[in-house]
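*Asks:*
Chains as they are written, first to last, in the working numbering: chain A, 1 to 444; chain B, 1 to 302.
Encoded structure:
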């Protein structure tokens with residue numbers, strides 16, 4: 001296999017390597033006459049990225065035979081890309097024969113220096129190939145990377161996992177009593193409830209997909225997916241530097257999510273490269289479903305069950321420390337059920353303690369039936385948009401109701417903070433203002 | 001000259017330049033240097049484990065005043081290089097400061113110390129004494145001899161040399177330097193957990209290799225950490241000026257690396273700088289490194 005590239009392709013190539021290096025450690029290279037594929041899988045097998053280059057991407061691209069493959073350490077390629085990209089005139093990669101032990105990478109610099117690296121191929125490559133059909137995902141959205149970065153600024157920078165809750169956009173404007181409007185998507189920080197130290201910032205962000213996203217498709221019940229932020233940020237900065245928008249496909253909790261660059265209006269077939277990032281999502285939904293979440297035992301045994309076949313692989317989330325009881329302690333604060341007055345649906349529930357108590361299922365149901373939303377100090381939330389629970393507007397709702405109607409309003413008015421406190425990018429319309437925070441919240 | 005007077009009284013107007021020159025040979029935190037004074041100037045020598053030696057030549061023309069009184073032989077003394085550099089740093093003023101950082105250096109003091117004193121400053125006087133030691137004899141004779149009738153040498157842009165040597169850290173092995181006449185080129189090679197080869201071709205049109213002299217292929221290996229010491233602390237002014245650094249391979253494979261460090265301060269008129277600002281060669285400090293080759297390497301000949 002031999003390939004060579006120059007000019008802007010080198011910059012793109014370097015960005016691809018940088019992104020791959022932020023996801024996994026090993027780079028699997030698969031070259032066939034029609035395309036060159038780079039894959040990597042992270043060590044906990046919860047993130048997989050692949051980048052496909054068409055032959056047109058390169059100045060020279062030749063592959064002998066049907067397919068050539070090998071695997072090298074990404075760290076080694078990052079070392080060779082420490083040479084300032086702007087000083088590289090030409091980059092070439094050569095695998096002299098299919099089972100060669102070293103791949104040759106040569107850089108010709110404008111200064112006249114020629115640097116040739118021989119990187120040893122991994123002896124037992126762990127080349128996995130994962131291909132998911134994007135059309136099978138029922139929901140997706142397209143966003144500009146810098147817009148999503150702007151939203152992520154509201155989250156603690158060390159946040160490890162984030163939940164996206166997607167609900168169906170209402171096509172008609174809501175009635176006056178339900179001025180939530182079209183904030184159909186919620187971004188929420190996910191903090192592992194079993195972690196002892198919970199001094200981190202929790203964030204919930206409700207956004208209007210028509211304002212923040214370029215495109216948004218979701219119908220039906222609300223779904224949520226919880227996945228890793230590190231890989232999301234890596235892919236975001238990759239798409240941003242390539243000046244393409246990012247498309248995120250998802251289905252529901254537990255199903256993998258897929259991200260890909262969205263090249264212009266077409267399906268990307270005219271681009272010379274494409275990339276896919278697949279992330280496993282947490283099995284456990286952050287939404288209150290009819291039953292408490294699926295048994296977490298499945299989650300604790302994920303390590304062994306990731307060896308799926310080549311096609312649709314179900315990446316179970318590895319949650320090694322999950323408690324025996326569902327970690328579904330975080331109930332959604334907002335009301336995803338029907339309009340006010342028409343029954344509660346999910347109902348407004350207490351926000352449980354994060355990391356302080358592990359309630360069994362019975363106790364959880366108990367708490368839901370508590371009609372007065374007197375939240376004790378122990379169970380106080382640490383959201384950065386605190387709300388006085390005592391002013392749950394639809395007090396007439398039946399809190400014990402567990403069944404869920406079709407979702408209409410996505411947010412409970414009591415969640416809105418004052419307009420001048422709201423740092424959300426969406427302009428606030430005429431929502432109700434939250435009463436001032438009770439004193440015992442302020443120390444959080 | 002009185003035998004009781006100091007061996008040397010000199011004045012330096014650009015302390016930062018002297019600091020830059022001395023910093024170039026600081027590859028370790030703690031190094032003992034030997035300083036040799038003569039009527040020609042000051043030479044400072046550091047070495048490590050008989051494999052690496054560096055010399056800094058500060059000719060008398062660098063100094064605005066140089067009074068040498070050591071009639072008998074060349075006085076030598078040992079001093080801690082780090083201490084000397086840190087001390088000189090306290091005297092230097094930031095660039096652009098209007099006050100000059102002229103200092104007087106005197107040796108020896110009453111107790112064989114090195115004495116430094118700020119002069120020409122209106123408000124304050126800084127005074128320092130540095131203890132010196134009787135130097136040990138240099139254990140290894142770095143007598144550098146040419147390899148043959150034709151010198152084996154090349155001059156390469158300093159920034160490029162530093163970049164290449166920094167890149168050669170990755171293989172984690174010793175570095176092989178190969179000179180070959182046809183095509184005229186220099187190759188640096190490292191073979192460790194990965195292999196890296198950096199080639200400098202001597203073309204007329206690129207100015208990467210500024211000079212090249214070689215009549216037969218030679219190849220020697222050097223320990224990476226010693227080779228790295230020759231460029232790791234090159235002052236940024238040298239990288240910016242990007243003059244050439246000259247590398248010469250001598251008899252037995254001994255490698256000599258030479259850098260030029262400008263000690264001038266263009267804003268201050270100096271007797272050795274003419275009105276056009278042209279730096280006379282004497283306003284340059286010379287740095288030389290000598291690196292012994294690894295012993296098991298034999299010359300590869302055609």
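Backbone N, C-alpha and C define an ideal beta-carbon position, used for all residues, glycine too.
Is the separation between the beta-carbon of residue 259 of chain B and that of residue 236 of chain B shorter than 9 Å?
*Replies:* Start at 1 with the first residue of the second chain, and residue 259 of chain B comes out as number 259. Start at 1 with the first residue of the second chain, and residue 236 of chain B comes out as number 236. In this structure, residue 236 of chain B does not lie closer than 9 Å to residue 259 of chain B by Cβ.
*Asks:* Nearest CA to the CA of residue 249 of chain B: which residue from B/114, B/155, B/174, B/28?
*Replies:* In the second chain, counting from the first residue as 1, residue 249 of chain B sits at position 249. With distances taken between Cα atoms, residue 249 of chain B lies closest to B/155.
*Asks:* For residue 150 of chain B versus residue 213 of chain B, is the C-beta spacing smaller than 9 Å?
*Replies:* Numbered from 1 along the second chain, position 150 holds the residue referred to as residue 150 of chain B. Numbered from 1 along the second chain, position 213 holds the residue referred to as residue 213 of chain B. Yes; because the gap between Cβ atoms is below 9 Å, this pair is in contact.
*Asks:* Pick helix, strand or coil for residue 283 of chain B, following the three-state DSSP scheme.
*Replies:* Stepping through the second chain from its first residue, residue 283 of chain B is reached at position 283. Residue 283 of chain B: helix per DSSP, three-state reduction.
*Asks:* Exposed or buried, residue 25 of chain B, counting other C-beta atoms within 10 Å across all chains shown (16 or more means buried)?
*Replies:* Counted from its first residue, the second chain places residue 25 of chain B at position 25. With 16 or more other Cβ atoms within 10 Å, it is buried.
*Asks:* Going by DSSP, name the residue or residues bridged to residue 4 of chain A.
*Replies:* Taking the first chain and counting its residues from 1, the one referred to as residue 4 of chain A is at position 4. Residue 4 of chain A is bridged to A/60, A/92.
*Asks:* Helix, strand or coil for residue 239 of chain B? Go by DSSP, reduced to three states.
*Replies:* Taking the second chain and counting its residues from 1, one reaches residue 239 of chain B at position 239. It is helical.
*Asks:* Can you pull out the residues from the stretch 100 to 120 of chain A whose beta carbon lies closer than 8 Å to at least one beta carbon of chain B?
*Replies:* Within the stretch 100 to 120 of chain A, the qualifying residues are 102, 111, 112, 113, 114, 115, 116, 117, 118, 119, 120.
*Asks:* Less than 8 Å between the CB atoms is what I'm expecting for residue 206 of chain B and residue 112 of chain A, so what's the real figure, rounded?
*Replies:* The residue given as residue 206 of chain B occupies position 206 in the second chain. The residue given as residue 112 of chain A occupies position 112 in the first chain. That pair is a contact at about 4 Å.
*Asks:* Indicate the three-state DSSP secondary structure (helix, strand or coil) for residue 224 of chain B in the structure shown.
*Replies:* For the purposes of this step, residue 224 of chain B is taken as the residue at position 224 of the second chain. Helix, per DSSP.
*Asks:* Please look up how many angstroms separate the CB atoms of residue 10 of chain B and residue 67 of chain B, rounded, as I've assumed it's under 8 Å.
*Replies:* Here residue 10 of chain B corresponds to residue number 10 of the second chain, with the count starting at 1. Here residue 67 of chain B corresponds to residue number 67 of the second chain, with the count starting at 1. With a Cβ gap of about 7 Å, residue 10 of chain B and residue 67 of chain B count as contacting.
*Asks:* Please confirm whether residue 188 of chain A has its beta-carbon closer than 9 Å to some beta-carbon of chain B.
*Replies:* If you number the first chain from 1, residue 188 of chain A lands on position 188. Cβ-Cβ to chain B under 9 Å: no for residue 188 of chain A.
*Asks:* Could you give the C-beta distance for residue 236 of chain A and residue 246 of chain A, rounded to a whole number, given that I count them as a contact under 8 Å?
*Replies:* Indexing the first chain from 1 puts residue 236 of chain A at position 236. Indexing the first chain from 1 puts residue 246 of chain A at position 246. 6 Å between Cβ atoms; contact.
*Asks:* What's the C-alpha gap between residue 124 of chain A and residue 41 of chain A?
*Replies:* As a working mapping, residue 124 of chain A is identified with position 124 in the first chain. As a working mapping, residue 41 of chain A is identified with position 41 in the first chain. Using only the alpha carbons, I get a separation of about 15 Å.
*Asks:* Give a yes or no on whether the C-beta atoms belonging to residue 116 of chain B and residue 87 of chain B are separated by under 9 Å.
*Replies:* Along the second chain, one-based indexing puts residue 116 of chain B at 116. Along the second chain, one-based indexing puts residue 87 of chain B at 87. Going by C-beta atoms, residue 116 of chain B is nearer than 9 Å to residue 87 of chain B.
*Asks:* Classify residue 3 of chain A: buried if its beta carbon has 16 or more other beta carbons within 10 angstroms, exposed otherwise.
*Replies:* Within the first chain, residue 3 of chain A is the residue found at index 3, counting from 1. Its Cβ being crowded by 16 or more others within 10 Å, residue 3 of chain A is buried.
*Asks:* Can you tell me whether residue 116 of chain B sits near the ligand FAD, meaning its C-beta is under 8 Å from at least one heavy atom of the ligand?
*Replies:* By its list of ligands, the structure shown contains no ligand whatsoever, and the ligand FAD lies outside what it can speak to.
*Asks:* Short of 8 Å in beta carbon distance, which residues of its chain neighbour residue 167 of chain B, apart from the five on each side in sequence? Order them along the chain.
*Replies:* Against the second chain, residue 167 of chain B aligns to sequence position 167. If we look at residue 167 of chain B and ignore the five residues flanking it on each side, its Cβ neighbours are 196, 198.
*Asks:* Do you know offhand how far residue 226 of chain B's Cα is from residue 291 of chain B's?
*Replies:* Here residue 226 of chain B corresponds to residue number 226 of the second chain, with the count starting at 1. Here residue 291 of chain B corresponds to residue number 291 of the second chain, with the count starting at 1. One C-alpha to the other measures close to 7 Å.
*Asks:* Within 10 Å of its beta-carbon, does residue 47 of chain B have 16 or more other beta-carbons around it, so buried, or fewer, so exposed?
*Replies:* Looking up residue 47 of chain B in the second chain gives position 47. Residue 47 of chain B is buried by the Cβ-count criterion.
*Asks:* Determine the chain A residues that contact residue 160 of chain B at a beta-carbon separation under 9 Å, and present them in chain order.
*Replies:* The count along the second chain starts at 1 and reaches residue 160 of chain B at position 160. Going along chain A in sequence order, the residues near residue 160 of chain B (Cβ under 9 Å) are 109, 111, 112, 113.
*Asks:* Compare the C-beta of residue 271 of chain A against all C-beta atoms of chain B and say whether one is closer than 9 Å.
*Replies:* Counted from its first residue, the first chain places residue 271 of chain A at position 271. False, the Cβ-Cβ gap to chain B never drops below 9 Å.
*Asks:* Mind pulling the chain B residues with CB within less than 7 Å of residue 79 of chain A?
*Replies:* Here residue 79 of chain A refers to the residue found at position 79 of the first chain. Under the 7 Å cutoff, chain B gives 170.
*Asks:* Starting from residue 235 of chain A and walking both ways along the alpha helix (DSSP H), at which residues does that stretch end?
*Replies:* Locating residue 235 of chain A in the first chain gives position 235, where the first residue counts as 1. Unbroken alpha helix (DSSP H) run through residue 235 of chain A: 229 to 241.
*Asks:* For a test of the three-state rule: what should DSSP assign to residue 14 of chain B, helix, strand or coil?
*Replies:* Indexing the second chain from 1 puts residue 14 of chain B at position 14. In this structure, residue 14 of chain B counts as coil in the three-state DSSP scheme.
*Asks:* Who are the near neighbours of residue 80 of chain A in its chain, counting only those whose CB is closer than 6 Å to its CB and skipping five residues on each side?
*Replies:* On the first chain, position 80 is the one that residue 80 of chain A refers to. Taken in chain order, the residues that qualify are 105, 117.
*Asks:* Alpha carbon to alpha carbon, what distance is there between residue 33 of chain B and residue 53 of chain B?
*Replies:* Start at 1 with the first residue of the second chain, and residue 53 of chain B comes out as number 53. Start at 1 with the first residue of the second chain, and residue 33 of chain B comes out as number 33. In a straight line, the C-alpha of residue 53 of chain B is about 10 Å away from that of residue 33 of chain B.
*Asks:* Where do the N-terminal and C-terminal ends of the beta strand (DSSP E) with residue 244 of chain B fall, by residue?
*Replies:* Residue numbering aside, residue 244 of chain B sits at position 244 when the second chain is read from its first letter. It spans 244 to 249 - the beta strand (DSSP E) in which residue 244 of chain B sits, taken as one unbroken run.
*Asks:* How far does the alpha helix (DSSP H) with residue 212 of chain A in it extend, from its first residue to its last?
*Replies:* As a first step, residue 212 of chain A is located in the first chain; it is residue number 212 there, counting from the start. Element bounds for residue 212 of chain A: 209 to 212.
*Asks:* Below 8 Å, how does it come out for the stretch 67 to 79 of chain A and the stretch 46 to 55 of chain A: are there three or more Cβ pairs, yes or no?
*Replies:* The answer is no - the stretch 46 to 55 of chain A does not touch the stretch 67 to 79 of chain A, with fewer than three Cβ pairs under 8 Å.
*Asks:* Mind checking which residues open and close the alpha helix (DSSP H) that includes residue 91 of chain B?
*Replies:* Residue numbering aside, residue 91 of chain B sits at position 91 when the second chain is read from its first letter. Residue 91 of chain B -> alpha helix (DSSP H) spans 81 to 91.
*Asks:* Cα-Cα, which of B/18, B/91, B/131, B/136 is closest to residue 121 of chain B?
*Replies:* The residue labelled residue 121 of chain B in the question sits at position 121 within the second chain. Residue 121 of chain B has its Cα closest to that of B/91, out of B/18, B/91, B/131, B/136.
*Asks:* If contact is defined by three or more beta carbon pairs under 8 Å, each pair taking one atom from either stretch, is the stretch 204 to 219 of chain A in contact with the stretch 145 to 155 of chain A?
*Replies:* Result yes; three or more Cβ-Cβ pairs closer than 8 Å.
*Asks:* With which residues is residue 70 of chain A paired in a DSSP beta bridge?
*Replies:* Walking along the first chain from the start, residue 70 of chain A turns up at place 70. Bridge partners of residue 70 of chain A: A/29.
*Asks:* In whole angstroms, give me the CA-to-CA distance for residue 176 of chain B and residue 261 of chain B.
*Replies:* Position 176 of the second chain, counted from the first residue, corresponds to residue 176 of chain B. Position 261 of the second chain, counted from the first residue, corresponds to residue 261 of chain B. Going by the C-alpha atoms only, they are around 27 Å apart.
*Asks:* Under 7 Å Cβ to Cβ from residue 161 of chain B, same chain only, skipping five residues before and after it: list those, please.
*Replies:* Sequence index remark: in the second chain, residue 161 of chain B carries index 161 (1-based). Here the set comprises 231, 245.
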